[in-house]
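Everything on this sheet refers to the single structure shown next.
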Amino acid sequence: MNSLTPSTHLLLVLATPLIGAVVAWVLGARGRHAVRQSAVVTAGLTLVSTGWLIVRYLQSPEAAAGEPYAVTTLPWLVSGIFDVRFSIGLDGLSLWLFGLSALLSLTAVLVSWEAIKERPIGFYVLLLVLEAAMLGVFVARDVILFYVFFEFTLVPLFFLIGIWGHDDRRRAAVKFFLYTLAGSVLAFLGLLVIVLWHASHVGNVTFDIDTLTAGMAAHPLPMNAEGGWLQLIVFWALFAGFAIKVPIVPFHTWLPLAHVEAPTGGSVDLAGVLLKIGIYGFLRFSLPMLPDASAVAAPWLFGLGVVGILYGALVALVQSDLKRLIAYSSVSHMGYCVLGIFALERVSLEGANLQLINHGLSSAGLFALVGMIYERFHTRSIVNLGGIATKAPWLTVLFMVFTFSSIGLPGLNGFVGEFMILAGSFQRAWTGVAPAFQSPFLVMSVSAVLGVVLGAWYMLWAVERVFFGTSRQPPHGPPVEACDLRWYETLSLLPLVVFVFWIGIAPATFLHPAAAAVRNASSAAAEAFADRMQAAQATIQTIAPTVNRVVVHPHASTPINVFPQPLPSQSSANP
Amino acid sequence: MTTSLQTFFLLGPEIALVAASLVVFLAGAFAGLRGGWSVAIVGIVGAMALSGGQPTDGETLVSGSVTIDGFSIFVRWMVLSLGLLLALVQAGDLFRSAVGHNSLHNRGGTCEEAGTFLILLAGLSLVGAANDLVLLFVGLELVSIPTYILLALKRTDPHGQEASLKYFFLSLVASALFLYAAVCFYGMGGSTSLAAIGARLQSNDETIVGMVVVLLPVALGMAMAGVAFRLAAVPMHFYAPDVYEGTSPGNAALLSTLPKIAGLVLLVRLLALGIPAAGSLTATDAASIGAGATSHLTLFWQLTAVLAALTMTVGNVMALLQKNLRRLLACSSIAHAGYLLVGVAVAAAAAAAQADRTLQAHVSDTSWTLGLGGMSASLFYLATYVLATTGIFAAITYLGHRWPEWNSGSGPRPPREEIAVIDDLNGLSGTNPVAAFALALFLLSLAGIPPLPGFWGKLSLAASALEVDWNAPIGFGSRRAVFVALAVILVLNAAIAAAYYLRIIAAIYFRTTKRGVQTDGGLSAGFAMLICMALLLMVMLQPRGLFVSASRAGSGSTFASIRVQHPTQTIDPQ
Numbered sequence: 001m002n003s004l005t006p007s008t009h010l011l012l013v014l015a016t017p018l019i020g021a022v023v024a025w026v027l028g029a030r031g032r033h034a035v036r037q038s039a040v041v042t043a044g045l046t047l048v049s050t051g052w053l054i055v056r057y058l059q060s061p062e063a064a065a066g067e068p069y070a071v072t073t074l075p076w077l078v079s080g081i082f083d084v085r086f087s088i089g090l091d092g093l094s095l096w097l098f099g100l101s102a103l104l105s106l107t108a109v110l111v112s113w114e115a116i117k118e119r120p121i122g123f124y125v126l127l128l129v130l131e132a133a134m135l136g137v138f139v140a141r142d143v144i145l146f147y148v149f150f151e152f153t154l155v156p157l158f159f160l161i162g163i164w165g166h167d168d169r170r171r172a173a174v175k176f177f178l179y180t181l182a183g184s185v186l187a188f189l190g191l192l193v194i195v196l197w198h199a200s201h202v203g204n205v206t207f208d209i210d211t212l213t214a215g216m217a218a219h220p221l222p223m224n225a226e227g228g229w230l231q232l233i234v235f236w237a238l239f240a241g242f243a244i245k246v247p248i249v250p251f252h253t254w255l256p257l258a259h260v261e262a263p264t265g266g267s268v269d270l271a272g273v274l275l276k277i278g279i280y281g282f283l284r285f286s287l288p289m290l291p292d293a294s295a296v297a298a299p300w301l302f303g304l305g306v307v308g309i310l311y312g313a314l315v316a317l318v319q320s321d322l323k324r325l326i327a328y329s330s331v332s333h334m335g336y337c338v339l340g341i342f343a344l345e346r347v348s349l350e351g352a353n354l355q356l357i358n359h360g361l362s363s364a365g366l367f368a369l370v371g372m373i374y375e376r377f378h379t380r381s382i383v384n385l386g387g388i389a390t391k392a393p394w395l396t397v398l399f400m401v402f403t404f405s406s407i408g409l410p411g412l413n414g415f416v417g418e419f420m421i422l423a424g425s426f427q428r429a430w431t432g433v434a435p436a437f438q439s440p441f442l443v444m445s446v447s448a449v450l451g452v453v454l455g456a457w458y459m460l461w462a463v464e465r466v467f468f469g470t471s472r473q474p475p476h477g478p479p480v481e482a483c484d485l486r487w488y489e490t491l492s493l494l495p496l497v498v499f500v501f502w503i504g505i506a507p508a509t510f511l512h513p514a515a516a517a518v519r520n521a522s523s524a525a526a527e528a529f530a531d532r533m534q535a536a537q538a539t540i541q542t543i544a545p546t547v548n549r550v551v552v553h554p555h556a557s558t559p560i561n562v563f564p565q566p567l568p569s570q571s572s573a574n575p
Numbered sequence: 001m002t003t004s005l006q007t008f009f010l011l012g013p014e015i016a017l018v019a020a021s022l023v024v025f026l027a028g029a030f031a032g033l034r035g036g037w038s039v040a041i042v043g044i045v046g047a048m049a050l051s052g053g054q055p056t057d058g059e060t061l062v063s064g065s066v067t068i069d070g071f072s073i074f075v076r077w078m079v080l081s082l083g084l085l086l087a088l089v090q091a092g093d094l095f096r097s098a099v100g101h102n103s104l105h106n107r108g109g110t111c112e113e114a115g116t117f118l119i120l121l122a123g124l125s126l127v128g129a130a131n132d133l134v135l136l137f138v139g140l141e142l143v144s145i146p147t148y149i150l151l152a153l154k155r156t157d158p159h160g161q162e163a164s165l166k167y168f169f170l171s172l173v174a175s176a177l178f179l180y181a182a183v184c185f186y187g188m189g190g191s192t193s194l195a196a197i198g199a200r201l202q203s204n205d206e207t208i209v210g211m212v213v214v215l216l217p218v219a220l221g222m223a224m225a226g227v228a229f230r231l232a233a234v235p236m237h238f239y240a241p242d243v244y245e246g247t248s249p250g251n252a253a254l255l256s257t258l259p260k261i262a263g264l265v266l267l268v269r270l271l272a273l274g275i276p277a278a279g280s281l282t283a284t285d286a287a288s289i290g291a292g293a294t295s296h297l298t299l300f301w302q303l304t305a306v307l308a309a310l311t312m313t314v315g316n317v318m319a320l321l322q323k324n325l326r327r328l329l330a331c332s333s334i335a336h337a338g339y340l341l342v343g344v345a346v347a348a349a350a351a352a353a354q355a356d357r358t359l360q361a362h363v364s365d366t367s368w369t370l371g372l373g374g375m376s377a378s379l380f381y382l383a384t385y386v387l388a389t390t391g392i393f394a395a396i397t398y399l400g401h402r403w404p405e406w407n408s409g410s411g412p413r414p415p416r417e418e419i420a421v422i423d424d425l426n427g428l429s430g431t432n433p434v435a436a437f438a439l440a441l442f443l444l445s446l447a448g449i450p451p452l453p454g455f456w457g458k459l460s461l462a463a464s465a466l467e468v469d470w471n472a473p474i475g476f477g478s479r480r481a482v483f484v485a486l487a488v489i490l491v492l493n494a495a496i497a498a499a500y501y502l503r504i505i506a507a508i509y510f511r512t513t514k515r516g517v518q519t520d521g522g523l524s525a526g527f528a529m530l531i532c533m534a535l536l537l538m539v540m541l542q543p544r545g546l547f548v549s550a551s552r553a554g555s556g557s558t559f560a561s562i563r564v565q566h567p568t569q570t571i572d573p574q
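As given, the protein sequences belong to chains S and D, one line each in that order.
Straight run, no breaks: the first sequence in the numbering used here ends on number 575.
Straight run, no breaks: the second sequence in the numbering used here ends on number 574.
See below:
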């Protein structure tokens with residue numbers, strides 16, 4: 001174990017999918033079976049290696065000290081103004097998303113086992129390249145490298161959707177690519193301003209994310225009229241990129257189309273990992289580097305999160321296509337993450353960070369299962385399906401597990417995340433805002449709870465119609481005995497189920513390693529928010545003391561508690 | 001202004017090119033030599049060898065009307081290596097027409113084309129080294145006239161004739177405009193030497209200040225129009241789609257690359273008129289920059305910034321509407337001219353800002369400037385653009401024709417169809433995977449997808465635009481606001497551009513076809529495509545080499561005064 005240094009280990013994890021892609025390409029001459037076998041071996045090796053790395057990280061002194069682990073830094077373009085480095089490393093913020101990428105890549109390869117018959121070489125090569133890009137985006141510690149990986153997740157998925165997708169695949173692929181690219185170029189420009197601002201104060205240009213974060217704390221971007229509100233401009237530029245990626249309503253229109261048209265393997269990666277990059281971007285860049293602007297934007301994004309929850313749920317309720325329904329449920333669930341982040345409460349931030357993993361597991365599982373249903377019955381239309389439970393009981397059981405995970409049944413992972421997010425948003429609404437602003441926050445956070453009800457409604461209703469009730473035989477349905485899960489399908493979903501229960505039963509195992517990183521990322525923004533609220537309250541009381549519309553709330557006299565202690569329910573979950 | 005033996009030595013590579021062209025012409029006349037292009041390639045390699053023996057960058061050699069500095073060496077190397085690639089493309093184009101069944105292409109003219117092409121290269125290389133208005137104009141005409149001949153030789157069908165005539169007349173207009181501009185500059189400076197004109201512009205002489213008010217806008221406007229034609233920039237951009245469509249892919253490759261180099265060189269030389277020579281700023285006081293130079297720089301950046309924004313947007317929007325592959329690439333080349341202009345505008349604005357500071361402050365400026373000028377960014381971008389575009393046209397040349405729809409028995413074999421519209425590339429990933437992959441790489445690089453070279457180019461352009469007037473507030477209409485807006489327009493245009501590049505990639509990878517391509521364009525064009533791909537991948541993995549040489553060239557002697565060294569502070573650790 002000592003012979004393999006952590007840095008080499010991480011490099012190996014990143015290189016394994018790429019090497020596997022080359023191997024799959026070389027083996028292409030031996031036919032589809034050889035290619036998919038090699039892809040499974042590669043994804044499996046990467047997963048094992050990633051798991052081992054995560055275990056090593058958890059035991060390392062760096063994890064305890066909150067420092068990046070397994071750092072490798074190589075010069076890439078060091079010349080003139082550029083000091084671009086190939087710099088990678090693992091920390092608390094990226095840890096679980098990194099693991100999730102490796103986990104879901106194996107799922108994506110396995111669910112494509114029989115589904116992909118045409119041009120298998122290209123498919124598996126692209127899937128493995130996508131895996132490398134996904135792993136890379138979470139461990140990049142250099143702005144340029146992050147952007148490179150960020151964009152490079154687009155290219156393989158563009159081809160995956162466009163070649164192996166369903167009927168309207170070309171439009172979906174192009175829309176997906178262009179939408180994301182348009183946002184990301186603006187985000188990149190924003191990051192460039194941050195880099196230049198830092199450079200102009202320090203004297204040497206660096207693209208290193210940690211250095212930039214520290215530098216932005218020392219020399220924040222101007223947040224006043226003389227400075228041209230530069231911080232706010234940069235925040236919205238970054239927002240353009242990350243909001244489209246998440247996607248935050250109203251920037252979500254590419255998502256249902258891309259999901260519906262994507263092959264199952266692509267959907268799994270897209271829903272499971274790629275949507276998380278947006279939230280990860282907020283946590284990695286926006287909150288720590290632009291705390292004041294984040295505080296200004298937080299109420300609006302808090303509201304947009306709630307709108308996303310309700311809008312996604314309502315639209316999901318009326319879908320007739322099962323895959324589209326799950327795509328809209330993704331919009332709704334990512335709304336929770338946005339809500340959790342921009343409530344700027346410690347509980348909700350940690351919950352949102354966990355909810356990323358939860359949603360990755362449940363939506364990936366659901367998309368995989370819908371793909372399996374489609375393979376068997378050649379339809380995804382809810383009205384044409386029915387009574388699957390009698391034909392494929394195990395498939396139904398798994399679908400129920402992921403459904404319950406998705407709607408937040410206590411004991412499963414979704415509950416923990418959603419509960420923490422809602423608890424945090426209530427805490428923000430009741431105790432964390434100035435009384436003058438309290439009522440909109442109260443309305444918004446209470447409406448968010450409605451999303452849980454709606455979520456249970458549309459998911460269970462869909463389950464009822466698809467799996468129970470009268471058994472319908474779609475025109476091309478297979479014989480009943482061939483219906484249930486095959487070995488590779490079981491294998492693809494079993495690890496996900498393990499984590500669904502594990503996170504649900506022992507969430508502290510997953511919350512604890514990320515807690516310090518999430519707190520560091522958000523503390524500046526939360527403090528800025530608290531300051532803002534106090535200042536706003538003081539202004540209102542000096543301007544209009546006689547109006548007396550302001551109900552003086554009992555909490556107004558007590559100092560605003562930015563980081564309260566964890567809620568009892570959360571600590572009771574710790575074993 | 002004496003012409004000494006040293007001038008001949010400095011112009012050795014150009015002379016070698018002309019000599020090689022004479023050999024090709026003569027051999028073609030007497031022996032009907034088929035291998036004209038082989039001789040041309042040998043000539044280019046010879047010129048490369050000669051320029052390898054030239055003084056290295058860092059020192060500036062002036063002899064007569066020739067200046068050899070980092071910039072001209074960069075231009076010369078780019079011209080020669082690009083010439084080598086284009087020669088391979090053209091040669092491939094040519095073997096095809098020699099064996100073609102019923103090709104539209106003229107079958108003769110091997111040696112004439114090769115010889116003319118060599119003269120074109122010599123002229124372009126000369127433009128890079130000229131420091132005198134007369135030599136500059138001669139060099140430009142040495143670029144233009146061979147281009148007319150090449151366009152006319154290649155195609156004899158009506159479309160080809162329309163293309164060559166259109167190009168001919170517009171080019172004449174552009175040359176005339178540039179000549180008028182040259183006359184105006186001569187009138188202001190009283191000399192044909194660029195250094196002398198520059199010195200006079202920068203002086204605080206009463207007469208020059210008065211003259212500048214009237215003549216400078218006229219001179220700069222006309223010069224810009226002449227340059228815009230070569231760059232295919234707004235307002236002289238409209239010929240490009242028609243001409244590209246009417247000519248062969250090889251010629252289109254030539255048109256989309258070589259004149260752009262000439263245009264950029266002209267812009268650099270014009271801009272340099274307003275910038276004091278290296279060292280003079282620190283040696284003398286602020287009075288060394290006259291009002292003439294300041295207004296020159298101001299006018300220059302305003303003009304180029306507006307043209308850049310218009311050119312990028314117009315080119316990309318036009319390209320969105322195209323179906324024909326060569327028309328689309330013509331529009332894309334217009335858009336890329338806009339990106340190049342961004343860097344030039346940034347360099348001009350940086351020089352203007354420097355002049356402002358020197359005029360107003362009278363103290364050593366302590367603000368921090370970044371080490372990358374817009375000019376270096378433009379040069380780097382030009383190199384990446386040229387690489388990808390040449391690669392695309394090489395690939396199209398190599399792919400040649402589609403198989404016609406024809407059942408034996410249904411009549412005589414129909415004529416072959418040249419690859420013309422995007423749909424002709426349908427299903428290329430199945431029929432010709434290597435070319436498909438190469439094309440996808442080139443297109444993604446042009447779209448600026450990281451980490452391909454086009455991304456590094458756009459990155460440096462955007463960064464250089466953001467750093468203009470860094471310490472000034474972003475007031476509405478201020479210079480800084482203009483360049484921030486320019487950076488935003490640039491990246492948004494990059495996203496628009498991705499739409500039509502993706503359409504081509506989608507055709508290649510997502511569609512299927514029953515009729516493959518013949519790949520009858522000649523192996524040398526395929527070879528050129530592979531070289532471009534290899535170079536592209538090399539720059540992607542290690543952009544440093546090209547980057548360093550571009551920044552050396554951009555910050556060469558001409559722009560040395562822009563660089564201001566400042567003591568660096570370090571961030572205190574908490």
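Cβ coordinates follow ideal geometry from the N, Cα and C atoms, glycine included.
This structure is a prediction, so every number in the text was calculated from the model and none was measured.
Endpoints, the beta strand (DSSP E) within which residue i is located
i	result
Phe75/S	In the sequence as presented, Phe is not what sits at residue 75/S; that position holds Pro. Its beta strand (DSSP E) spans residues Tyr69 to Ser79.
Paired residues, beta bridge with residue i - DSSP
i	result
Leu61/D	Ile68/D
Val317/D	Val317/D is not bridged to any residue.
Val421/D	Asn324/D
Leu84/S	Per the sequence shown, residue 84/S should be read as Val rather than Leu. BP columns for Val84/S point to Leu77/S.
Val517/D	Arg402/D
Leu90/S	Tyr69/S
Residue i: first and last residue of the uninterrupted alpha helix (DSSP H) it sits in
i	result
Asp269/S	Thr264 to Asp269
Phe176/S	Arg169 to Val202
Gln319/S	Here Gln319/S belongs to no alpha helix (DSSP H), and DSSP marks it neither H nor E.
Interface flag, residue i vs chain S, CB-CB below 8 angstroms
i	result
Tyr244/D	no
Ile591/D	Nothing about residue 591/D can be reported from this structure: the residues present for chain D run from 1 to 574 only.
Phe74/D	no
Val548/D	yes
Min CB distance residue i to chain D below 8 angstroms
i	result
Glu151/S	yes
The ligand NAD heavy atom lying under 7 angstroms from the CB of residue i
i	result
Phe177/S	Because no ligand of any kind appears in the structure shown, any question about the ligand NAD cannot be addressed here.
Cβ of residue i within 8 angstroms of any chain B Cβ
i	result
Ala182/S	Protein chains S and D are contained in the structure displayed, whereas chain B is not.
**Request:** Report the residues of the region 484–502 of chain D with a CB closer than 8 angstroms to any CB of chain S, ordered along the chain.
**Result:** Ala487, Val488, Val491, Leu492, Ala494, Ala495, Ala498, Ala499 and Leu502
**Request:** Taking only beta carbons into account, state which residues of the region 162–176 of chain S come closer than 8 angstroms to chain D, listed in chain order.
**Result:** Gly162, Ile163, Arg169, Arg170, Ala173 and Val174
**Request:** Identify each residue in the region 377–402 of chain D for which the Cβ-Cβ distance to at least one residue of chain S is less than 8 angstroms, and report them in chain order.
**Result:** none
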